[in-house]
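Student: Sharing a structure here in structure tokens format.
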């Protein structure tokens, strides 16, 4: 395959990966890491392997943080273990619900329902806990977006022979 076509494919995957960090229909950083790997091994790029290993590690960390951060910030905002567990269960269930942003709705519903199961009389606490989960989601998404942008920049700078 022509190097130009491979470069275009890589850039498309990297851009889709960045979009996927906040659009749930795309697998996010997994697309970005695929673009990076295709660039490294599909062209005669001199990109050092340390970038591949570093971005693979950051991608794995991002996947874990996407589930852990909302659960932890939920607790910071007064949530209980019930809300944290609800966050994880709701996210997983939401992934399989065929509605836009199902995973996000599932996560928030999980936190809210989990907190209400713990204490059905304190709706304000359930709402604060859900707010914490939302803030955690923003942190996790921001981290993933930064990693995706960094991958994109490394590839573009390598294409331009700047690094």
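In the working numbering, the protein residues as written are 5 to 167.
Every residue, glycine too, gets a C-beta built ideally from N, C-alpha and C.
Predicted model, so just to flag it, every value in this text is computed and none were measured.
Below 8 angstroms, can you find three or more Cβ-Cβ pairs linking the segment 29-36 to the segment 10-20?
Tutor: Cβ pair count under 8 angstroms is three or more, so yes.
Student: Going by beta-carbon coordinates alone, are residue 115 and residue 133 separated by less than 9 angstroms?
Tutor: On the chain shown, position 111 is the one that residue 115 refers to. On the chain shown, position 129 is the one that residue 133 refers to. Yes.
Student: Roughly how many angstroms separate the alpha carbons of residue 92 and residue 7, rounded to a whole number?
Tutor: To locate residue 92, count along the chain shown from 1; it is residue 88. To locate residue 7, count along the chain shown from 1; it is residue 3. Taking the straight line from one Cα to the other gives about 42 angstroms.
Student: Given a cut-off of 9 angstroms on the beta-carbon distance, is the pair residue 94 and residue 113 in contact?
Tutor: Taking the first residue of the chain shown as position 1, residue 94 is located at position 90. Taking the first residue of the chain shown as position 1, residue 113 is located at position 109. Contact flag set, yes.
Student: Within this structure, are the beta carbons of residue 140 and residue 119 separated by less than 9 angstroms?
Tutor: Taking the first residue of the chain shown as 1, we reach residue 140 at position 136. Taking the first residue of the chain shown as 1, we reach residue 119 at position 115. Not in contact: residue 140 and residue 119 (Cβ atoms no closer than 9 angstroms).
Student: Let me make sure I understand the geometry here. Which of 101, 41 and 15 has the alpha-carbon closest to that of residue 57?
Tutor: Numbered from 1 along the chain shown, position 53 holds the residue referred to as residue 57. Of 101, 41 and 15, the residue nearest in Cα terms is 41.
Student: Locate the alpha helix (DSSP H) running through residue 55, then write down its first and last residues.
Tutor: The count along the chain shown starts at 1 and reaches residue 55 at position 51. Here the alpha helix (DSSP H) through residue 55 covers 53-80.
Student: Could you tell me the boundaries of the alpha helix (DSSP H) in which residue 49 lies?
Tutor: As a working mapping, residue 49 is identified with position 45 in the chain shown. No alpha helix (DSSP H) holds residue 49; DSSP gives it neither H nor E.
Student: Helix, strand or coil for residue 168 per DSSP?
Tutor: Residue coverage of the chain in this structure runs from 5 to 167, which leaves residue 168 outside it and unanswerable.
Student: Below 8 angstroms CB to CB, which residues in the same chain sit around residue 76 once its five sequence neighbours on both sides are set aside?
Tutor: Taking the first residue of the chain shown as position 1, residue 76 is located at position 72. Within the same chain, residue 76 has close Cβ partners 88 and 140.
Student: Let me know if residue 165 comes out buried or exposed under the rule of 16 or more other beta-carbons within 10 Å of its beta-carbon.
Tutor: Within the chain shown, residue 165 is the residue found at index 161, counting from 1. Label assigned to residue 165: exposed.
Student: Please look up how many angstroms separate the CB atoms of residue 147 and residue 66, rounded, as I've assumed it's under 8 angstroms.
Tutor: Numbered from its first residue, the chain shown carries residue 147 at position 143. Numbered from its first residue, the chain shown carries residue 66 at position 62. Confirmed, Cβ separation roughly 6 angstroms.
Student: Excluding five sequence neighbours on each side, which residues of the same chain lie with their C-beta closer than 7 angstroms to the C-beta of residue 24?
Tutor: On the chain shown, position 20 is the one that residue 24 refers to. Result list for residue 24: 30, 31, 32 and 35, in chain order.
Student: If we ignore side chains and look at the alpha-carbon of each, how far apart do residue 97 and residue 103 end up?
Tutor: Walking along the chain shown from the start, residue 97 turns up at place 93. Walking along the chain shown from the start, residue 103 turns up at place 99. Those two C-alpha atoms are separated by around 12 angstroms.
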